[in-house]
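This note's numbering numbers the first residue of the sequence shown as 18 and each following residue consecutively.
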Amino acid sequence: MNHNRREFLLSSAGFAVGCRLFETSVLGQQRKKTRLILLGTKGGPRVGESGRSNPATLLLIDDVPYLVDCGYGVTKQLILAGVAVQRVRYVFITHHHSDHNLELGPLVYNAWSVGLPFKIDAYGPPGLRKMAEDFFNYEEFDIKTRIVDEGRADPRKLLTSHEFDKPGVILENDQVRVTSTKVRHPPIEQAYAYRFDTPDRSIVISGDTAYSPELAQFAKGADVLVHEVMYLPAIDALVKRLPEAKRLREHLLAAHTLPADVGKVAAQAGVKTLVLSHFVPGDDASITDEQWSADVRKEFKGQIIVGRDLMEI
Ligand SMILES: [Zn+2]
Ligand SMILES: [Zn+2]
18 MNHNRREFLL SSAGFAVGCR LFETSVLGQQ RKKTRLILLG TKGGPRVGES
68 GRSNPATLLL IDDVPYLVDC GYGVTKQLIL AGVAVQRVRY VFITHHHSDH
118 NLELGPLVYN AWSVGLPFKI DAYGPPGLRK MAEDFFNYEE FDIKTRIVDE
168 GRADPRKLLT SHEFDKPGVI LENDQVRVTS TKVRHPPIEQ AYAYRFDTPD
218 RSIVISGDTA YSPELAQFAK GADVLVHEVM YLPAIDALVK RLPEAKRLRE
268 HLLAAHTLPA DVGKVAAQAG VKTLVLSHFV PGDDASITDE QWSADVRKEF
318 KGQIIVGRDL MEI
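Following this line, the structure appears as structure tokens:
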């Protein structure tokens, strides 16, 4: 063996040991029982090029996947986060804008296509059940063919839809208590935020909302608040370029939250960590982390994290 090659092997062995140590210390003993992973951090249905995927947020509680929202690309993002799609056990839809529910049916289909047993309970506002049924009808030919041809189970029996139209306790088991509250997202009435209380952490996910003091009440004392955010100068620049976007600006202002107001909600709630996600606009890569967070910081003195896809908090 020549000297250089031996040196290379030695140093790569050292590197491998280093990696293993890193895994043990960061992902081993110190790994939290409740893990939060942002799968998609871009607001809106447009599939963009800026690197952000459409909305989806994952909690792993004792390694059981609880998924909030199913924007386009969620299956891919789960895989990139190291979570096999058929492992998803619970899904929570915040509201029925398509950036939050587009891939609910495909997610269930993708879990089914693996061919292993799975069971998904999905929770969300009215419309959820019909949406799932409609998806199965959309793929009826394929599903029927595969049941006969490949001996697969009927996927319709593997998904259970649970609809609710009032805030309250959504799910309670020995891992977690999940509660919901209504948020302000006109014109959609049935729009919710979710709170996950586990033995080691409390995490609140805002869903889509305009400034909502009720959300601060709901998030009181949580460890982490994941809140949507909108950056107005970028919206105004868009309106300048496309005057027809004026109507869009009005909708966005009524339905989403400006950075200073996100800071207010986090401060009123007294959370330890605020995570910005669901960025509007989500595909303007020129907006810096500092621009997203500057006005938030004026109101909130805790930790502020500008979210990115696949970031774990
Ligand atoms: Zn949205
Ligand atoms: Zn929405």
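Ideal placement from N, C-alpha and C gives every residue a C-beta, glycine not left out.
Three-state secondary structure assigned by DSSP to residue i
i: MET148; result: helix
i: LYS226; result: A quick correction: the sequence has Thr, not Lys, at residue 226. THR226 falls in the coil class under three-state DSSP.
i: ASP326; result: coil
i: SER178; result: strand
i: LEU38; result: Summary for LEU38: the model assigns pLDDT 36, below 50, so the residue's position carries little reliability, and this model does not support an answer.
i: THR274; result: coil
i: ARG69; result: coil
i: GLN207; result: coil
i: LYS199; result: strand
i: GLU167; result: helix
i: LEU119; result: coil
i: LYS12; result: Lying outside 18 to 330, the shown extent of the chain, residue 12 is not represented and no answer is given.
i: SER310; result: helix
i: ALA233; result: helix
i: GLU245; result: strand
i: ASP159; result: helix
i: ARG63; result: coil
i: GLY238; result: coil
i: LEU56; result: strand
Proximity winner among the options, relative to residue i (alpha-carbon distances)
i: PHE153; options: ALA262, GLY168 and ASN127; result: ASN127
i: GLY280; options: LEU242, ARG69 and ASP151; result: LEU242
i: VAL105; options: ILE96, MET148 and GLY141; result: ILE96
i: VAL323; options: LYS315, HIS295, VAL186 and GLU316; result: HIS295
i: ARG69; options: ARG52, ARG264 and TYR89; result: TYR89
i: PRO62; options: ALA98, PHE213 and HIS117; result: HIS117
i: ASP80; options: VAL91, TYR107 and ALA272; result: TYR107
i: ARG52; options: ALA98, THR92, THR58 and GLY65; result: ALA98
i: ALA286; options: PRO276, ALA210 and GLU231; result: GLU231
i: LEU275; options: THR215, ASP151, ALA251 and ILE330; result: ALA251
i: MET247; options: LEU259, ALA233 and ASP301; result: ASP301
i: GLN207; options: GLY141, GLU329 and MET328; result: GLY141
i: LYS315; options: VAL282, MET328 and SER303; result: VAL282
i: PRO184; options: ARG173, LYS147, SER197 and LYS49; result: SER197
i: PRO216; options: THR58, GLN192, LYS199 and LEU133; result: GLN192
i: ALA233; options: ILE78, ILE137 and ALA284; result: ALA284
i: GLN103; options: ASP182, LEU77, GLY132 and ASP151; result: GLY132
i: LEU55; options: VAL64, LEU76 and LYS49; result: LEU76
i: THR92; options: SER130, ILE78 and GLY65; result: SER130
Residue environment, residue i, which counts as buried when at least 16 other CB atoms sit within 10 Å
i: ASP326; result: buried
i: ASP86; result: buried
i: GLU120; result: buried
i: PHE158; result: exposed
i: VAL125; result: buried
i: THR305; result: exposed
i: ASP278; result: buried
i: THR162; result: exposed
i: SER67; result: exposed
i: TYR209; result: buried
i: GLY122; result: buried
i: GLY31; result: The predicted position of GLY31 is uncertain, since its pLDDT is 37 and thus under 50; a value taken from the coordinates is nonetheless stated next. Exposed.
i: TYR155; result: exposed
i: VAL313; result: buried
i: SER303; result: exposed
i: PHE317; result: buried
i: ILE321; result: buried
Beta-carbon spacing of residue i, residue j below 9 Å
i: PRO72; j: VAL100; result: no
i: LEU145; j: HIS113; result: yes
i: GLY299; j: GLY60; result: yes
i: GLU245; j: SER219; result: no
i: SER178; j: ALA236; result: no
i: PHE135; j: LEU175; result: yes
i: TRP309; j: LEU291; result: no
i: ARG264; j: ASP253; result: no
i: HIS268; j: THR226; result: no
i: ARG173; j: ILE160; result: yes
Beta carbon proximity, residue i to chain D, threshold 9 Å
i: ILE78; result: Any reference to chain D falls outside this structure, which holds one protein chain only.
Ligand 3 heavy atom lying under 8 Å from the CB of residue i
i: ASP326; result: Ligands present in the displayed structure are limited to ligand 1 and ligand 2, and ligand 3 is not among them.
Run the Cβ filter for me: residues under 5 Å from any heavy atom of ligand 2, listed in the order they occur in the chain. HIS114 and ASP225
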